[in-house]
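Residue numbers (my numbering): 1328 to 1584. Report on the structure given below.
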């Protein structure tokens, strides 16, 4: 077994109110298949990008729904030691929400950052899912944090996972957009959320072959386009969307496609 990397976005998990409808939606829009996972008493399914698992989905737990949390995507970030990561996160101003083990899967620490965005620090029991190269079609390709204080959030995550700043862009009235990377691989961006966005949260982007076709499929299948498709610097096309149950996700197509 190779050493677990610190700071890799390695799994995307959808917590939804209707797993069956969600499976049909993402199959039609992204092209994912699904596979039932038998390792838990709680029904859990895996998103399959061809033969490669890229994430999972399950019904939004009642205790999570009771807090007022809507359907949402939860980002998993790898760590060699989930408990040590949780302790460090608390020392940096974050909050440990839960720490638990799943047999043959690993140890998970659910952590809220100082501005309230939630992630899972994941210590796998075997090889770490994902990879550190450019995303292929159907893989998560970008990870974007909308927060109340991008500088404080960046200080937290860069210290916790060892990410490095790649660049900063001035977005005018919208403020600064910081792009970060791990090694040579760009990972995502951080910015201050606008007033109309109620919560600090991570937004996963999925790479697709055609932005316009994907946008049409989102609408046809009962989802909503919140923004885009629009061109970003470099020529890529992106769009932010809401699935039929209300979970927000995004997609992107590269300039060459």
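Virtual Cβ for every residue (Gly too), placed ideally from N, Cα, C. Quick caveat: nothing in here was measured; it's all calculated off a predicted structure.
(message) Since residue 1306 and residue 1479 should fall inside the 8 Å C-beta cutoff, what is the C-beta to C-beta distance between them, to a whole number of angstroms?
(response) Because the chain in this structure spans residues 1328 to 1584, residue 1306 falls outside the shown range and cannot be described.
(request) In the DSSP assignment, find the unbroken beta strand (DSSP E) run with residue 1425 in it and report its ends. (result) 1422-1429
(request) Quick one: using the 10 Å Cβ neighbour count with 16 as the cut-off for buried, is residue 1372 buried or exposed? (result) buried
(message) Would the segment 1449-1462 count as touching the segment 1483-1498 if we require 3 or more Cβ pairs under 8 Å?
(response) no
(request) Going by CA-CA distance only, name the one from 1465, 1342 and 1412 that's closest to residue 1377. (result) 1465
(request) Quick one: using the 10 Å Cβ neighbour count with 16 as the cut-off for buried, is residue 1405 buried or exposed? (result) buried
(message) Could you compute how far the alpha carbon of residue 1575 sits from the alpha carbon of residue 1568?
(response) 6 Å
(request) Leaving aside the five residues before and after residue 1413 along the sequence, list all residues of the same chain whose C-beta is less than 7 Å from its C-beta, in chain order. (result) 1423, 1426, 1436, 1438 and 1448
(message) If the criterion is Cβ atoms closer than 8 Å, does the pair residue 1400 and residue 1470 meet it?
(response) no
(request) Taking the CB atoms as reference points, tell me whether residue 1535 and residue 1580 lie closer together than 8 Å. (result) yes
(request) Go ahead and label residue 1429 buried or exposed: buried means 16 or more other beta carbons lie within 10 angstroms of its beta carbon, across all protein chains shown. (result) exposed
(request) Can you tell me which of the three DSSP states residue 1269 falls into? (result) Any question about residue 1269 goes unanswered here, given that the chain covers just 1328 to 1584.
(message) Just to confirm the assignment: which complete beta strand (DSSP E) runs, minimum length 3, are found wholly within the segment 1359-1443?
(response) 1360-1364, 1371-1376, 1379-1386, 1399-1405, 1422-1429 and 1433-1439
(request) Throw me the rounded Cβ distance for the residue 1475 and residue 1418 pair, which I believe falls under 8 Å. (result) That pair is no contact at about 20 Å.
(message) I'd like to check one pair, residue 1454 with residue 1329: are the Cβ atoms closer than 8 Å?
(response) yes
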